[in-house]
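K.L.:
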Amino acid sequence: MLMSTQENVLPIEGSSRVIARQDGKLGSILVQLGKLDAGDIERVLERQRTEGVRFGEAALRLDLITPDDLRWAVAKQYDFPHMLPGNERISSELVVAYEPFHPRAEELRALRTQLLIRWSKAGVKQRVLAIVSPGPGEGRSYVAANLAVAFSQVGERALLIDADLRTPRQHRIFNVPDRIGLSAVLSGRADRGAVVPVSEFGSLSLLPAGACPPNPQELLLRASFAALLDELCSDFDVILFDTPPAKLYADAQSLAFRAGSVMVLARKDHTRLADATSVIRGLSDTGARIVGTVFNAF
16 MLMSTQENVL PIEGSSRVIA RQDGKLGSIL VQLGKLDAGD IERVLERQRT EGVRFGEAAL
76 RLDLITPDDL RWAVAKQYDF PHMLPGNERI SSELVVAYEP FHPRAEELRA LRTQLLIRWS
136 KAGVKQRVLA IVSPGPGEGR SYVAANLAVA FSQVGERALL IDADLRTPRQ HRIFNVPDRI
196 GLSAVLSGRA DRGAVVPVSE FGSLSLLPAG ACPPNPQELL LRASFAALLD ELCSDFDVIL
256 FDTPPAKLYA DAQSLAFRAG SVMVLARKDH TRLADATSVI RGLSDTGARI VGTVFNAF
């Protein structure tokens with residue numbers, strides 16, 4: 016997935032708040048991951064003493080671990096939430112979780128940093144963003160889910176709201192129940208308790224869409240949605256909306272109005288320029304600030 020953000024793309028600089036654990040020794044972590052045993056530890060320590068190198072370098076020289084093993088262990092040492100390959104608890108679409116050193120993950124982190132910088136420079140207090148694109152299959156759910164994880168990885172209290180009440184996907188990506196969600200909250204049949212913590216990422220929560228209602232646009236226009244958002248803004252640092260296709264449904268405009276900020280996606284060799292231009296024009300009419308346009312290829 017190749018990304019570029021329009022509107023004065025900002026230089027990318029790290030903004031992580033994560034601090035290394037004092038009790039997370041690399042050797043212990045590699046043992047926990049099943050990469051080393053007690054005998055291996057002794058061999059590594061001996062190599063450290065004789066060659067004066069770091070623990071990880073010594074383990075690599077002994078061919079006890081791979082460079083990927085070392086990167087995963089260091090990520091864990093620095094409390095960097097991620098998933099080990101082969102863990103099928105949540106979808107492999109979450110590249111920032113499963114492959115945090117992949118170029119795609121780097122692009123998503125760069126996008127996260129640009130957003131944080133822009134919000135900071137603009138003095139934005141409520142950091143709420145709708146992820147919008149003209150049609151289906153353009154990566155809204157993928158980008159929204161990965162951005163939510165990326166924000167949680169720097170300690171931001173992130174909430175992902177699946178506001179696509181037509182064809183919701185986030186409950187499948189994160190493998191959470193979808194029986195109760197946004198549709199039930201907006202119709203008065205549930206409260207904010209429908210927000211589900213994502214246990215794999217300590218500061219990430221998800222409000223799934225819930226059952227697909229017959230009147231999604233009407234629900235999104237209710238005053239109860241504004242009241243819900245006000246409550247949630249007091250508990251979360253960043254709130255992201257996944258949305259339905261903007262050319263097919265007017266829901267995206269309602270969500271842009273609620274969010275106040277919008278990021279427009281366009282998929283390479285898929286999204287028509289005329290459609291993207293039309294969507295941007297329509298979103299501008301809501302008064303929402305379009306923070307940028309992201310082009311992706313996958």
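Take 16 as the starting number for the sequence shown in our numbering and just add one per residue.
Cβ atoms here follow ideal geometry from the backbone N, Cα and C, with glycine treated the same way.
As the structure is a prediction and not an experimental result, all values here were calculated from the model.
1. Work out the CA separation of LEU77 and PHE251 for me, nearest whole Å.
2. Could you check what DSSP says for ASN161 in three-state terms: helix, strand or coil?
3. Just checking my contact of PRO151 with THR286 at CB under 8 Å: how many whole Å lie between their CB atoms?
4. Near GLN37, which residues of its chain fall below 7 Å by C-beta distance, leaving aside the five closest residues on each side in sequence?
5. Opposite VAL211 in the DSSP bridges: which residues?
6. Put ARG36 into one of helix, strand or coil per three-state DSSP.
7. Please report how far the alpha carbon of PHE116 lies from the alpha carbon of ALA238, in whole angstroms.
8. Between the Cα of PHE95 and those of ALA312, VAL277, GLU108 and TYR113, spot the shortest distance and give me the residue it belongs to.
9. Please look up how many angstroms separate the CB atoms of VAL68 and ILE56, rounded, as I've assumed it's under 8 Å.
10. By DSSP, does ILE146 sit in helix, in strand, or in coil?
11. What's the gap between the Cα of ASP52 and the Cα of ARG64?
12. Could you name the residues that DSSP lists as bridge partners for LEU41?
13. Taking only three categories from DSSP, how would you classify SER276?
14. Pairs of beta-carbons, one from the segment 252 to 270 and one from the segment 292 to 312, closer than 8 Å: are there three or more?
15. Residues in the same chain with beta-carbon distance under 6 Å from ILE105, minus the five sequence neighbours each way, listed in chain order, please.
16. Ends of the alpha helix (DSSP H) at ASP245?
17. Consult DSSP for ILE80 and reduce its assignment to one of helix, strand or coil.
18. Kindly indicate which residue of ARG142, ALA289, GLU171 and ASP177 has the alpha-carbon position closest to the one of VAL158.
19. I'd like the span of the beta strand (DSSP E) that includes ALA173, first residue to last.
20. With three or more C-beta pairs closer than 8 Å as the rule, is the segment 181 to 201 touching the segment 217 to 225?
21. Our contact map puts ASP206 next to VAL200 with C-beta atoms below 8 Å; I'd like the distance itself, whole angstroms only.
22. Which of the three DSSP states is assigned to ALA281 in this structure?
23. Give the DSSP bridge partners of VAL253, in chain order.
24. Provide the residue span of the beta strand (DSSP E) that contains THR292, from first to last.
25. Which value, in whole angstroms, describes the spacing of the CA atoms of TRP134 and ARG142?
26. What residue does the alpha helix (DSSP H) around PHE189 start on, and which one ends it?
27. Let's test the definition: count the other Cβ atoms within 10 Å of the Cβ of PRO229 and tell me whether it reaches 16, buried, or not, exposed.
28. Determine the closest residue to MET278 out of ALA289, GLY307 and TRP87, with distance taken between C-alpha atoms.
29. What residue from GLY217, SER218, ARG304 and LEU197 has the CA that sits closest to GLY208's CA?
P.N.:
Here's the rundown:
1. 45 Å
2. helix
3. Actually they do not touch by this definition, with Cβ atoms about 11 Å apart.
4. Caution applies to GLN37, whose pLDDT of 34 falls short of 50 and renders its modelled position unreliable; the value that the coordinates give is listed next. Counting only Cβ-Cβ distances below 7 Å, and skipping sequence neighbours, we find nothing.
5. LEU221
6. For ARG36, the predicted model reports a pLDDT of 38, less than 50, meaning its position is unreliable; a value from the coordinates is still stated below. Coil at ARG36, not helix or strand.
7. 42 Å
8. TYR113
9. At roughly 15 Å, the Cβ-Cβ gap does not stay under 8 Å, so VAL68 and ILE56 are not in contact.
10. strand
11. 19 Å
12. Paired residue(s): none; LEU41 is not in a bridge.
13. strand
14. yes
15. PHE189 and ASN190
16. 238 to 248
17. coil
18. ASP177
19. 173 to 177
20. yes
21. 7 Å
22. strand
23. ARG142 and ALA173
24. Careful: THR292 lies outside any beta strand (DSSP E), inside the alpha helix (DSSP H) at 288 to 299.
25. 7 Å
26. 185 to 189
27. exposed
28. GLY307
29. LEU197
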